[in-house]
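So the sequence shown is numbered by this note's numbering: it starts at 206 and just counts up by one.
Note that the Cβ used here is the ideal one computed from N, Cα and C, for glycine as well.
A short worksheet on the structure shown next.
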Amino acid sequence: DPSRQRKGDGAGLGLAIVKSIIDAHGGSIKVASANQATQFQLTLPALTG
């Protein structure tokens, strides 16, 4: 899907910001790359109560 290709503009801070938010909430982020596809898995703890 060409609309999902990286355009190359921006500061490149997106993942750093996401990681800091995920870390602050006790979660984790995992990255898996194969060929030209990259997958990101975000995990956050469930709210209880």
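- In the DSSP annotation of this structure, the continuous segment of the alpha helix (DSSP H) that includes A229 starts and ends at G219 to A229.
- Excluding five sequence positions before and after I234, the CB atoms of its chain that fall closer than 6 Å to its own CB belong to K224, I227 and L247, given in chain order.
- Taking C-beta atoms as the reference points, L252 and G232 fail to come closer than 7 Å.
- Under the three-state reduction of DSSP output, Q246 falls in the strand class.
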